[in-house]
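Trainee:
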Amino acid sequence: MARAFGKAIAKPSSSSLSSSSNIPNRNLCLITSITSILQNLNPQIPDFSSLNKFSPHLSPNLVIQVIKNQKNPHHALQFFNWASNPNPNPKNYSHTPLCYAAITDLLLSHSLFSTAYSLLHHSNKLSDFLICRFINALGHCGDIRGAVHWFHKAKNLGREHCVYSCNAVLSVLVRANRVNFAKAIYNQVLSEAVIEPDVYTHTTMIRGFCKVGMVESARKVFDEMRCEPNIVTYNTLIHGFCKKGDMEGARSVFDRLVESKSCEPDVVSFTTLIDGYSKRGEFKKAVECLKQMTERGCSPNVVTYNALVEGLCLSGEVDEAKMMMGRMRLNGLKDNVATNTSLLKGLCIVGKSDDAFKHFREMASRGMKPDVKAYGVVVNEYCKIGKPREAVSLLREMVTRGVKPSVSSFNAVFRVLVDEGKIDEGVLLLKQMSHMGCSPNFLSYCILVCGLCKVKSRMQAVEELVSDMLQNGHNLDATMYNCLLQGYCEDGDEEMALKTYYDIMNKNFVIKQDVFSTFVKLMCAKGKLKEGDTVFEGCLLGGFQLSGKVEANATEEPGTLT
1306 MARAFGKAIA KPSSSSLSSS SNIPNRNLCL ITSITSILQN LNPQIPDFSS LNKFSPHLSP
1366 NLVIQVIKNQ KNPHHALQFF NWASNPNPNP KNYSHTPLCY AAITDLLLSH SLFSTAYSLL
1426 HHSNKLSDFL ICRFINALGH CGDIRGAVHW FHKAKNLGRE HCVYSCNAVL SVLVRANRVN
1486 FAKAIYNQVL SEAVIEPDVY THTTMIRGFC KVGMVESARK VFDEMRCEPN IVTYNTLIHG
1546 FCKKGDMEGA RSVFDRLVES KSCEPDVVSF TTLIDGYSKR GEFKKAVECL KQMTERGCSP
1606 NVVTYNALVE GLCLSGEVDE AKMMMGRMRL NGLKDNVATN TSLLKGLCIV GKSDDAFKHF
1666 REMASRGMKP DVKAYGVVVN EYCKIGKPRE AVSLLREMVT RGVKPSVSSF NAVFRVLVDE
1726 GKIDEGVLLL KQMSHMGCSP NFLSYCILVC GLCKVKSRMQ AVEELVSDML QNGHNLDATM
1786 YNCLLQGYCE DGDEEMALKT YYDIMNKNFV IKQDVFSTFV KLMCAKGKLK EGDTVFEGCL
1846 LGGFQLSGKV EANATEEPGT LT
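Counting in this note's numbering, the sequence shown runs from 1306 upward without gaps.
1) Determine the extent of the alpha helix (DSSP H) in which Lys1639 is found, giving its start and end residues.
2) Can you name, in chain order, every residue of its own chain whose Cβ lies under 6 Å from the Cβ of Thr1644, other than the five neighbours on each side?
3) Using 10 angstroms around the beta-carbon of Val1563, count the other beta-carbons present and answer buried if the total reaches 16, otherwise exposed.
4) Assuming the contact rule is C-beta atoms closer than 8 Å, Lys1549 and Val1520 should be a hit. Round their C-beta distance to whole Å, please.
5) State buried or exposed for Ala1679, treating a residue as buried only when at least 16 other CB atoms are found within 10 Å of its CB.
6) Rounded to whole angstroms, what is the Cα-Cα separation between Cys1594 and Ile1579?
7) Of all the options Gly1756, Leu1333, Tyr1750 and Thr1805, which has the alpha carbon lying nearest to the alpha carbon of Ser1772?
8) Since I believe Met1629 is in contact with Leu1617 (beta carbons under 8 Å), could you give me their beta-carbon distance rounded to a whole number of angstroms?
9) Measure the alpha-carbon distance for Lys1812 versus His1779 and round it to whole angstroms.
10) From Ile1369 to Val1712, what distance separates their C-alpha atoms?
11) Quick one: what's got a C-beta closer than 8 Å to His1362's C-beta in the same chain, skipping five residues either side?
12) Note the first and the last residue of the continuous alpha helix (DSSP H) segment covering Arg1671.
13) Does the stretch 1370-1389 come close enough to the stretch 1408-1422 that 3 or more CB-CB pairs lie under 8 Å?
14) Give me, in chain order, the residues of the same chain whose beta-carbon lies closer than 6 Å to that of Trp1455; leave out the 5 immediate sequence neighbours on both sides.
15) Return yes when the Cβ of Ile1449 is within less than 8 Å of the Cβ of Arg1483, no when it is not.
16) Given a cut-off of 8 Å, decide if Val1682 and Lys1709 are closer than it, judged by their beta-carbon atoms.
17) Short of 6 Å in beta carbon distance, which residues of its chain neighbour Val1517, apart from the five on each side in sequence? Order them along the chain.
18) Counting C-beta neighbours from all protein chains within 10 Å, is the total for Thr1839 16 or more, i.e. buried, or is it exposed?
19) Residue ranges of each alpha helix (DSSP H) run of no fewer than 4 residues wholly in the stretch 1481-1563, ordered along the chain?
20) Could you say which of Ser1574, Leu1431, Val1526 and Phe1514 lies nearest to Val1537 if we only look at CA atoms?
21) Taking just the CA atoms, how far does Val1754 sit from Glu1836?
22) Please state whether the Cβ-Cβ distance between Ile1372 and Phe1359 is less than 8 Å.
23) Please give me, in chain order, every unbroken run of the alpha helix (DSSP H) with length at least 4 that falls completely inside the stretch 1703-1746.
24) On the DSSP letters alone, give me the boundaries of the alpha helix (DSSP H) that Arg1763 sits inside.
25) I'd like to know whether the C-beta of Asn1347 is nearer than 8 Å to at least one C-beta of chain B.
26) Taking all protein chains shown into account, decide if Glu1622 is buried (16 or more other Cβ within 10 angstroms of its Cβ) or exposed.
27) Can you give me the start and stop residues for the alpha helix (DSSP H) that Asn1366 sits inside?
28) Could you name the residues of the same chain whose beta carbon sits closer than 7 Å to that of Leu1868, not counting the 5 residues immediately before and after it, in chain order?
29) Do you know how far the Cα of Ser1822 is from the Cα of Gly1447?
30) Got a sec? Which residues, its chain only, sit under 6 Å from Phe1588 by beta carbon, not counting five neighbours each side?
31) Please identify the residue among Phe1715, Val1718 and Met1741 whose C-alpha is closest to the C-alpha of Gly1707.
32) Can you name the start and end residues of the alpha helix (DSSP H) that Arg1632 belongs to?
33) Which residues mark the beginning and the end of the alpha helix (DSSP H) in which Arg1585 is found?
34) Of all the alpha helix (DSSP H) runs that stay within the bounds of the stretch 1405-1475, which reach a length of 4 or more residues?
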């Protein structure tokens, strides 16, 4: 019982008192009064005598509530230290492990690691139960090395097994995608018998392996568990197999869950399996699973139906998806934005753009607030049918309604504007992106730069875009260099073309054959080829230059490049 309770509060929290409705009025008055005194203490020479009147009321629950209600961690620490030795102390009050956990959590949430360590060390309260909180806090800060260091500190305490710390460090490593590191620690503690692993230990490793697609390794941990798996263990492994697309593996684990005497499938188990079948287009099995779910007295929720609706829509089975939505409503469940976004995708997939646009507007009239995904579907559809202005209008609508557009939606608009020769509109939109709550990414620049390079006499505008791109931390790749070389060649700018060529060679990028051919023709036309004989000779004869490559067949005659 103590172990389970410890794990339930293992993560440090910086939250203040969550709800005054959960606190008795008497305690609420005490907390308010104590907090007021703490806020008015002289930080240089604090006088705690004004707190003495609260001594008869001290209890672990009150101390924990006062600590959690402090915005200033130093006030909380002052109160904790006073309550450690109150005068008078008619009830012989002393801090419990949960009191130490509360003050430790608060200090760690403010990154006061040294203060927290000093408190526990000097009070001789450093334990596995409290060390795990340091590990979690360091993990949330991204300090993996520090988290592992504290795990070893827990191992070296020598006074108790370190299951809390072990579980914490495994969880930190899995969250950071350091699964092999987690595996090494897991194997080490098993071989050295440092701890007696509990269900959380094994489940964390199963989650880690599933996260990186190593489902067979996850199954091995599952099969070799030294304790009974719980529902989270089963659901984690089922999800891992479904994510991998191995529905046979998922079903085998599910069947073991059904036969288990310690737990039974819940809504997550069934929904995960239904989602897996739906994503693979195996709707008959998905519906059978839904039937089995209801027969076992487990009620489907919105997420369950959404999995079916999405699968049907992505397969173009829009009418069946609508029927499933109707069934969902008959069962007393209201479809949400996610449900309707799936339907929008389905309508677009089957080419019913107008129906999708109409349904999108109906969502708002039904009291729904379309999110970035719903808007994104409609923006992409406008782009697909060649209506970029409607797409841009929708992006602006998103901003006015407080929905932050995604960069992928902007990129879809950029593509269609480039295809329609409206590149200047695209460049203008790119400059407005930051005011619309979104920053261009590498692809945003690439689409517009390569589009502009194909337009005669626009290389100055290209250079401005490239400069902006570099300032924003994006580097040119081989594709963009090829576009630049082609653009300078088409403009007849042999100086910039030659400079770009050398840049490509120095970076060891591949030059496309047609681009190189255009470059050679320009050099010939400008009388530069003889001056650069030694530069081009290797490319023309073998397709290679010392620092770069030309995309050409090895058997191709040099003459074909010119």
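Virtual Cβ for every residue (Gly too), placed ideally from N, Cα, C.
Quick caveat: nothing in here was measured; it's all calculated off a predicted structure.
Mentor: For this structure:
1) Counting along the chain, Lys1639 falls outside any alpha helix (DSSP H), and DSSP gives it neither H nor E.
2) Asn1611 and Val1614
3) exposed
4) 5 Å
5) buried
6) 6 Å
7) Tyr1750
8) 6 Å
9) 16 Å
10) 45 Å
11) Leu1335
12) Neither: Arg1671 is in no alpha helix (DSSP H) and is coded neither H nor E.
13) yes
14) Ile1436, Phe1439 and Ile1440
15) yes
16) no
17) Val1484
18) Unreliable positioning characterises Thr1839 in this predicted model, as indicated by a pLDDT of 48, which lies under 50. The coordinate reading is nonetheless provided below. So Thr1839 counts as exposed.
19) 1484-1496, 1504-1516, 1520-1528 and 1536-1549
20) Ser1574
21) In this predicted model, Glu1836 has a pLDDT of only 48, less than 50, meaning its place in the structure is not dependable; the value taken from the coordinates is given anyway. Roughly 31 Å between the two C-alpha positions.
22) no
23) 1712-1724 and 1728-1737
24) Neither: Arg1763 is in no alpha helix (DSSP H) and is coded neither H nor E.
25) No chain B is part of this structure, which consists of one protein chain only.
26) buried
27) Pro1365 to Lys1373
28) A question about residue 1868 goes unanswered here, because the residues of the chain that appear run from 1306 up to 1867.
29) 50 Å
30) none
31) Met1741
32) Val1623 to Leu1635
33) Looking at the DSSP string, Arg1585 is not in any alpha helix (DSSP H), and its letter there is neither H nor E.
34) 1418-1427, 1433-1445 and 1449-1460
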